[in-house]
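Undergrad: Quick one: this structure, given as structure tokens, is what I'll be asking you about.
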Amino acid sequence: MASRLIRPRRTGLGCIRPFLVNHGYARHLATASDLPITRLSGAGGALIHNVDLTSPLPPQTTASIRSTLLTHGVIFFRQPAPLSPDSFLNFANHFGTPQQYPFVRGLDTHREIIRVRKLEHETTNFGGVWHADTTYLAEPPMGTILMAEQVPTYGGDTLFANQYLAYEALSDGLKATLAGLKGVSTSSKADASKTREDRIADSGTKGAPDVFEAVHPVVRTHPETGRKALYVNVAHTARFEGWTEKESEGLLRFLHEHQVRPEFTCRFVWEPGSIAFWDNRAVLHNPINDYHGFRRDMLRITLKGDVPR
Numbered sequence: 005m006a007s008r009l010i011r012p013r014r015t016g017l018g019c020i021r022p023f024l025v026n027h028g029y030a031r032h033l034a035t036a037s038d039l040p041i042t043r044l045s046g047a048g049g050a051l052i053h054n055v056d057l058t059s060p061l062p063p064q065t066t067a068s069i070r071s072t073l074l075t076h077g078v079i080f081f082r083q084p085a086p087l088s089p090d091s092f093l094n095f096a097n098h099f100g101t102p103q104q105y106p107f108v109r110g111l112d113t114h115r116e117i118i119r120v121r122k123l124e125h126e127t128t129n130f131g132g133v134w135h136a137d138t139t140y141l142a143e144p145p146m147g148t149i150l151m152a153e154q155v156p157t158y159g160g161d162t163l164f165a166n167q168y169l170a171y172e173a174l175s176d177g178l179k180a181t182l183a184g185l186k187g188v189s190t191s192s193k194a195d196a197s198k199t200r201e202d203r204i205a206d207s208g209t210k211g212a213p214d215v216f217e218a219v220h221p222v223v224r225t226h227p228e229t230g231r232k233a234l235y236v237n238v239a240h241t242a243r244f245e246g247w248t249e250k251e252s253e254g255l256l257r258f259l260h261e262h263q264v265r266p267e268f269t270c271r272f273v274w275e276p277g278s279i280a281f282w283d284n285r286a287v288l289h290n291p292i293n294d295y296h297g298f299r300r301d302m303l304r305i306t307l308k309g310d311v312p313r
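At position 40 of the sequence shown (counting the first as 1) the number is 44 in this note's numbering, and the numbers step up by one without a gap.
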């Protein structure tokens, strides 16, 4: 078997206190600088070092992790080996209430955990398009936690896009236009639904509605940071409320292209035991499908959110 290419890890510590002060997040300062981190890009993403996720987290560590998540949008951990399902679920419980995914059954022993996989003979990967998770629900998840169990020899990285920056880069005129708009999100858009077919075939839920649909603001105010973020995505946003799909097409196309500009993104290279935790309220993600012939096995937990406003 070919050896896996491991990219050199960047080392060093990051300090997020100046960022928090400059952006008015004073209430998070008590624990924000306690963890050693490495920033992955100017747009976001932070690798957190020296945290053992196999044991219960002290309250101060939990608060520090949450502060780092709110600051950087997506955080990462490198564990020596994948966590057990029990430990993975215990970690998630520190940050919210795990919820079940509507289309794929959870593990027999842990219904809140689903398996995200692509097998050697498959050519479509689960969720392989830019998106925020399940925005077709009335209360989309606040965050998603993904852990790698088996990764391909090469490829299979995940991209993340900061939607605070995407919104802030818009002109004042376009911001004014978007201020009153709401987007209609549906689970039936082909962009996303076709990426679920293999997993629904082998582990689909029974009795779930065929289609979910919800209406959310196109610009969302984050309930914890108070910052505004673009809240549309190519996988689920079908049109603007009160507009036809044809009328919505041009503006949505612009927003979808704009919101994933390279300067808004970071990229994560997976290893067995790696964990990513992203803020679904302000970050998009896209798993890259560039590893045909290899297997990729992940475990995923989503955390209950609220009604976007």
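We treat Cβ as the ideally placed atom computed from N, Cα and C, and that holds for glycine. Model, not experiment: these values are computed from the prediction.
In whole angstroms, what is the alpha-carbon distance linking threonine 148 and leucine 93?
TA: Those two C-alpha atoms are separated by around 12 Å.
Undergrad: For glutamine 64, count the other beta carbons within 10 Å of its own beta carbon; 16 or more makes it buried, fewer makes it exposed. Which is it?
TA: Under this definition glutamine 64 is an exposed residue.
Undergrad: Quick check: leucine 307 and threonine 101, are their CB atoms within less than 8 Å of each other?
TA: Yes, these two residues count as a Cβ contact at 8 Å.
Undergrad: Quick one: is asparagine 54 buried, meaning 16 or more other Cβ sit within 10 Å of its Cβ, or exposed?
TA: By the 10 Å Cβ count, asparagine 54 comes out exposed.
Undergrad: Less than 8 Å separating the beta-carbons of threonine 42 and leucine 51?
TA: Yes, the pair counts as a contact, with Cβ atoms nearer than the cut-off.
Undergrad: Does the distance from the C-beta atom of valine 238 to that of valine 133 stay below 8 Å?
TA: Yes, the pair counts as a contact, with Cβ atoms nearer than the cut-off.
Undergrad: DSSP puts glycine 160 in a beta bridge; with which residues?
TA: DSSP, once it has assigned bridges, lists no residue as partnering glycine 160.
Undergrad: Three or more beta-carbon pairs under 8 Å between the stretch 141-155 and the stretch 275-295, yes or no?
TA: The stretch 141-155 vs the stretch 275-295: in contact.
Undergrad: If you count every other CB in all the chains shown that lies within 10 Å of the CB of lysine 3, and 16 or more means buried, which is it?
TA: The structure shown does not extend to residue 3, since the chain is modelled only from 5 to 313, so the question has no answer here.
Undergrad: Could you compute how far the alpha carbon of glutamate 124 sits from the alpha carbon of arginine 300?
TA: In a straight line, the C-alpha of glutamate 124 is about 8 Å away from that of arginine 300.
Undergrad: Are alanine 233 and alanine 286 closer than 8 Å when you measure CB to CB?
TA: Cβ atoms of alanine 233 and alanine 286: closer than 8 Å.
Undergrad: Are the Cβ atoms of threonine 241 and glutamate 217 separated by less than 8 Å?
TA: No, the Cβ-Cβ distance between threonine 241 and glutamate 217 is not below 8 Å.
Undergrad: Please classify arginine 257: is it buried, with 16 or more other beta-carbons within 10 angstroms of its beta-carbon, or exposed?
TA: It counts as exposed.
Undergrad: Since proline 89 contacts isoleucine 117 with CB under 8 Å, what's their CB separation in whole angstroms?
TA: The pair is a contact, with the Cβ atoms about 6 Å apart (cut-off 8 Å).
Undergrad: Taking the alpha-carbon of tyrosine 171 as reference, which of Thr138, Ala142, Asp137 and Arg265 has the nearest alpha-carbon?
TA: Of the listed residues, the one whose Cα sits closest to tyrosine 171 is Arg265.
Undergrad: Helix, strand or coil for leucine 178 per DSSP?
TA: Helix, per DSSP.
Undergrad: Count the other CB atoms within 10 Å of the CB of aspartate 214; is the residue buried (16 or more) or exposed (fewer)?
TA: That one is exposed.
Undergrad: Looking at the unbroken alpha helix (DSSP H) that takes in phenylalanine 130, where does it start and where does it end?
TA: Premise fails: phenylalanine 130 is in no alpha helix (DSSP H) and is neither H nor E.
Undergrad: Roughly how many whole angstroms lie between the Cα atoms of histidine 260 and glutamine 167?
TA: Cα to Cα, the separation comes out at about 11 Å.
Undergrad: DSSP state of arginine 70, grouped into three classes?
TA: Arginine 70: helix per DSSP, three-state reduction.
Undergrad: Using the three-state DSSP reduction, which class does leucine 93 fall into: helix, strand or coil?
TA: If DSSP states are grouped into helix, strand and coil, leucine 93 belongs with the helices.
Undergrad: Name, in chain order, the residues that DSSP records as bridge partners for valine 215.
TA: According to DSSP, valine 215 bridges with nothing at all.
Undergrad: Could you have a look at glutamine 104 and say whether DSSP puts it in helix, strand or coil?
TA: In the structure shown, glutamine 104 sits in coil (DSSP, three-state: anything other than H, G, I, E or B).
Undergrad: Give the DSSP-derived three-state secondary structure of alanine 233 in the structure shown.
TA: In the structure shown, alanine 233 sits in a strand (DSSP, three-state: E or B).
Undergrad: List in chain order: all unbroken beta strand (DSSP E) runs of 3+ residues lying wholly within the stretch 233-286.
TA: List check, beta strand (DSSP E) in window: 241-244, 269-272 and 278-283.
Undergrad: Mapping DSSP to helix, strand and coil, what is glutamine 83?
TA: Reduced to three states, the DSSP call for glutamine 83 is coil.
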